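Peer 1:
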Amino acid sequence: MTTRTVEKGICRFDVEDRGTHGYMVRIMRRGKMHQRFFSDRNNGGKRKALAAAREHYAMLEETLPPIQSQKGRETSRNSSGVVGVHLAHDVDSRYPDCEYWSYVASWLDENGKRVNVRFAWNRYGDQLAWELACIARQKEIRDREEVRRLYDRRENARVRKKKKSVVQARKTSSKSTPATKARRKK
0 MTTRTVEKGI CRFDVEDRGT HGYMVRIMRR GKMHQRFFSD RNNGGKRKAL AAAREHYAML
60 EETLPPIQSQ KGRETSRNSS GVVGVHLAHD VDSRYPDCEY WSYVASWLDE NGKRVNVRFA
120 WNRYGDQLAW ELACIARQKE IRDREEVRRL YDRRENARVR KKKKSVVQAR KTSSKSTPAT
180 KARRKK
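As structure tokens, then:
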């Protein structure tokens, strides 16, 4: 059996012992494989089979939804809930009783090289280490100080927003009730 890729999504099949010759069109979208075989015999020769395969591939590309990026997708191998963030456990070989737990953010840089940033529980605590690792992964930032500044900015914005909503809730609730109007008159 001889197979070779002719162009994207189209492979040539030549199975001599079965007498199968033709082109297989394959395209996957949203986890479902769409494929169809175009034999030389049924399409009137090699060139016509290839032309029919190209036409079918073009039709599939037009009708099927666009390719979804793999970046940031949750997979069956991801148990932390955030793609690219996992819990790591280390033991210092010099001190067998000394264990380290940390959240590790990892991603591929533009050259395809793996980048890791660790946030230790000892230093940041469980919850903060998790949030910092998630920020580092989301922004793909290696500098821990910059990640911490981003976290502080987010927290300050959350606090301001919460205070603002509490103040607005107090203003609207105090204006609208008849009991508060009666209290103000006294």
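Numbering (numbering that gives the first Met the number 0), first residue to last: 0 to 185.
Beta carbons: idealized from backbone N, C-alpha and C, even for Gly.
Predicted, not measured: the structure shown is a model, and the values here were computed from it.
Determine whether the beta carbon atoms of residue 86 and residue 106 lie at a separation below 9 Å.
Peer 2: The residue given as residue 86 occupies position 87 in the sequence shown. The residue given as residue 106 occupies position 107 in the sequence shown. Not in contact: residue 86 and residue 106 (Cβ atoms no closer than 9 Å).
Peer 1: Residue 90 bridges to which residues according to DSSP?
Peer 2: Here residue 90 is taken as the residue at index 91 of the sequence shown, counted from 1. Answer by DSSP bridge pairing, in chain order: 98.
Peer 1: Quick check: the region 114-125 against the region 139-151, are at least 3 beta-carbon pairs closer than 8 Å?
Peer 2: At 8 Å Cβ cutoff, the stretches touch.
Peer 1: Could you check the C-alpha separation between residue 139 and residue 41 for me, to the nearest Å?
Peer 2: Residue 139 sits at position 140 when you count from the first residue of the sequence shown. Residue 41 sits at position 42 when you count from the first residue of the sequence shown. For residue 139 and residue 41, the distance between alpha carbons rounds to 52 Å.
Peer 1: With residue 31 as the anchor, note down where its beta strand (DSSP E) starts and where it stops.
Peer 2: The residue given as residue 31 occupies position 32 in the sequence shown. Where residue 31 is concerned, the enclosing beta strand (DSSP E) stretches over 31-38.
Peer 1: How long is the line joining the alpha carbons of residue 161 and residue 155, rounded to whole angstroms?
Peer 2: Residue 161 sits at position 162 when you count from the first residue of the sequence shown. Residue 155 sits at position 156 when you count from the first residue of the sequence shown. C-alpha separation (whole angstroms): 10 Å.
Peer 1: According to DSSP, what are the bridge partners of residue 115?
Peer 2: Mapped onto the sequence shown, residue 115 falls at position 116. Paired residue(s): 105.
Peer 1: Name the residue from 39, 23 and 38 whose alpha carbon lies nearest to the alpha carbon of residue 32.
Peer 2: Along the sequence shown, one-based indexing puts residue 32 at 33. Of the candidates 39, 23 and 38, the one whose C-alpha sits nearest the C-alpha of residue 32 is 23.
Peer 1: Using a Cβ-Cβ cut-off of 7 Å (strictly less than) and excluding sequence neighbours within five positions of residue 150, which residues of its own chain qualify?
Peer 2: Residue mapping note: residue 150 aligns to position 151 of the sequence shown, counting from 1. Counting only Cβ-Cβ distances below 7 Å, and skipping sequence neighbours, we find 130, 131 and 134.
Peer 1: Counting along the chain, where does the beta strand (DSSP E) carrying residue 26 start and finish?
Peer 2: Reading the sequence shown from its first residue, position 27 is the one you call residue 26. Segment 19-28, the beta strand (DSSP E) holding residue 26.
Peer 1: Who are the near neighbours of residue 1 in its chain, counting only those whose CB is closer than 7 Å to its CB and skipping five residues on each side?
Peer 2: In the sequence shown, the residue the question calls residue 1 occupies position 2. Closer than 7 Å at the Cβ level, and outside the excluded window around residue 1, lie 13.
Peer 1: Taking Cβ positions, are residue 104 and residue 124 nearer each other than 9 Å?
Peer 2: Reading the sequence shown from its first residue, position 105 is the one you call residue 104. Reading the sequence shown from its first residue, position 125 is the one you call residue 124. Going by C-beta atoms, residue 104 is not nearer than 9 Å to residue 124.
Peer 1: Quick one: is residue 55 buried, meaning 16 or more other Cβ sit within 10 Å of its Cβ, or exposed?
Peer 2: Position 56 of the sequence shown holds residue 55. Label assigned to residue 55: buried.
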